[in-house]
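*Asks:* Submitted below is the structure of interest, expressed as structure tokens.
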Amino acid sequence: MALIFKDYFSRQASRYAKYRPGYPDELYAYLVKTATRHDAAWDCATGNGQVAIGLVPHFETIYATDASASQIANAFPHERIQYSVAPAEASGLPDHCVDLITVGLALHWLPLDGFYAEVNRVGRPGGVIAAWCSDLFRVAEATPTVAALIDELYALILPMQPPEVQLVHDHYQTVPFPFEELPAPTFRQTVQWTPEIILGCVSTWSAVQRYADAEGWEGLKEWGDRLSAAWGDPTLPKTVCWDIFLRVGRI
């Protein structure tokens, strides 16, 4: 039976490339330390290459695949990254060719049985698989009004989340993970964002896309206007942070 690719991101692929953040250097340092070789890595469900581009300083070759042709068309180019359109369960890569396999913020979308079979086929024995998700962002030192507006946003859109996102709220602890599990720290992501960047980032979320499909974009634009008004100078960024939770295993 053919697997169904649940595509929540192709329509906003250009915004995804513009607004989705990368990941902390400390996360990559941990992955490099955990992998025993650094010849090649496979970033599965790469989106626009947000993880792949971070692997460039550490691996000679990065294979980056995504089932969405629109996401790959908007990917960040680099001579060490080989992008291709492919589902997680059929990467098209040779057997036992990579030392590290990464899945950033996407494991909950994948057909796990097929993907894990592909991990065992593509990964070198003793290689590493690392998948991670994050919790909801908060504005550091937010005024009560700004904090209340962030809570209002979550109350508006979280009911629209696809059921797979519950795995993210569980920090992937309820995801089957048939590998020799390795201890992994929690990482803190810290960025400097304006209201425009916040609205741009959340507009790429699956729940926001589903909300907009049902209700239109006007409510979200009005929320963004109120956030900008409460922010102070909306051109000045504030610190925004969230935690990143990993499952890491030896292949």
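Residue numbers in the sequence shown follow the numbering used here, run continuously in steps of one, and reach 264 at the last position. Think of the CB as a built atom: it goes at the ideal place given N, C-alpha and C, for glycine as much as any other residue.
Looking at the strands, I want to know which residues DSSP matches up with Ile264.
*Replies:* DSSP output for Ile264 lists no bridge partner at all.
*Asks:* How would you label Ala53, buried or exposed, when you count the other beta carbons within 10 angstroms and need 16 or more for buried?
*Replies:* With 16 or more Cβ atoms within 10 Å of its Cβ, Ala53 is classed as buried.
*Asks:* What is the rounded straight-line gap between the Cα of Leu162 and the Cα of His109?
*Replies:* 48 Å
*Asks:* If you reduce the DSSP assignment to three classes, tell me which class Asp38 lands in.
*Replies:* helix
*Asks:* Could you tell me whether the stretch 225-233 touches the stretch 36-52, where touching means 3 or more Cβ pairs closer than 8 Å?
*Replies:* These segments do not touch.
*Asks:* Could you give the DSSP three-state label for Phe258: helix, strand or coil?
*Replies:* strand
*Asks:* What is the DSSP secondary structure of Ala65, reduced to helix, strand or coil?
*Replies:* Residue state, collapsed to three classes: helix.
*Asks:* Any idea what DSSP makes of Tyr167, helix, strand or coil?
*Replies:* helix
*Asks:* Using the C-alpha atoms, what's the distance from Leu240 back to Leu166?
*Replies:* 10 Å
*Asks:* What are the complete beta strand (DSSP E) segments, minimum 3 residues, inside the stretch 167-240?
*Replies:* 193-195, 200-206
*Asks:* Work out the CA separation of Asp56 and Lys251 for me, nearest whole Å.
*Replies:* Taking the straight line from one Cα to the other gives about 31 Å.
*Asks:* Quick check: what's the CA-CA separation for Arg260 versus Asp246?
*Replies:* 39 Å
*Asks:* Quick one: what does DSSP say Thr158 is sitting in, helix, strand or coil?
*Replies:* helix
*Asks:* Tell me the rounded alpha-carbon separation between Ile257 and Val111.
*Replies:* 24 Å
*Asks:* Kindly indicate which residue of Ile75, Pro208, Pro100 has the alpha-carbon position closest to the one of Arg93.
*Replies:* Ile75
*Asks:* Buried or exposed, going by whether 16 or more other CB atoms sit within 10 Å of the CB of Glu101?
*Replies:* Checking the sequence, you will find Ala at residue 101 rather than Glu. By the 10 Å Cβ count, Ala101 comes out buried.
*Asks:* Indicate the three-state DSSP secondary structure (helix, strand or coil) for Arg50 in the structure shown.
*Replies:* coil
*Asks:* Do we get a CB-CB distance below 8 Å when we pair Tyr41 with the residues of chain B?
*Replies:* Annotation note: the requested chain B is absent from the structure, which comprises a single protein chain.
*Asks:* Are Ala153 and Glu131 closer than 8 Å when you measure CB to CB?
*Replies:* no
*Asks:* Report the partner residues of Cys57 according to the DSSP bridge assignment.
*Replies:* Thr78
*Asks:* Where DSSP assigns a beta bridge to Leu113, which residues make up the other side?
*Replies:* Ala54, Val141
*Asks:* For Ala200, which option in Thr156, Ile210, Ile211, Cys254 has the closest C-alpha, if you only look at C-alpha atoms?
*Replies:* According to the sequence shown, residue 200 is Phe rather than Ala. Checked all of Thr156, Ile210, Ile211, Cys254; the closest Cα to Phe200 is Cys254.
*Asks:* Can you pull the DSSP bridge partners for Arg151?
*Replies:* Cys254
*Asks:* Let me confirm a value: Thr59 is counted as buried when at least 16 other C-beta atoms fall within 10 Å, else exposed. Which label applies?
*Replies:* buried
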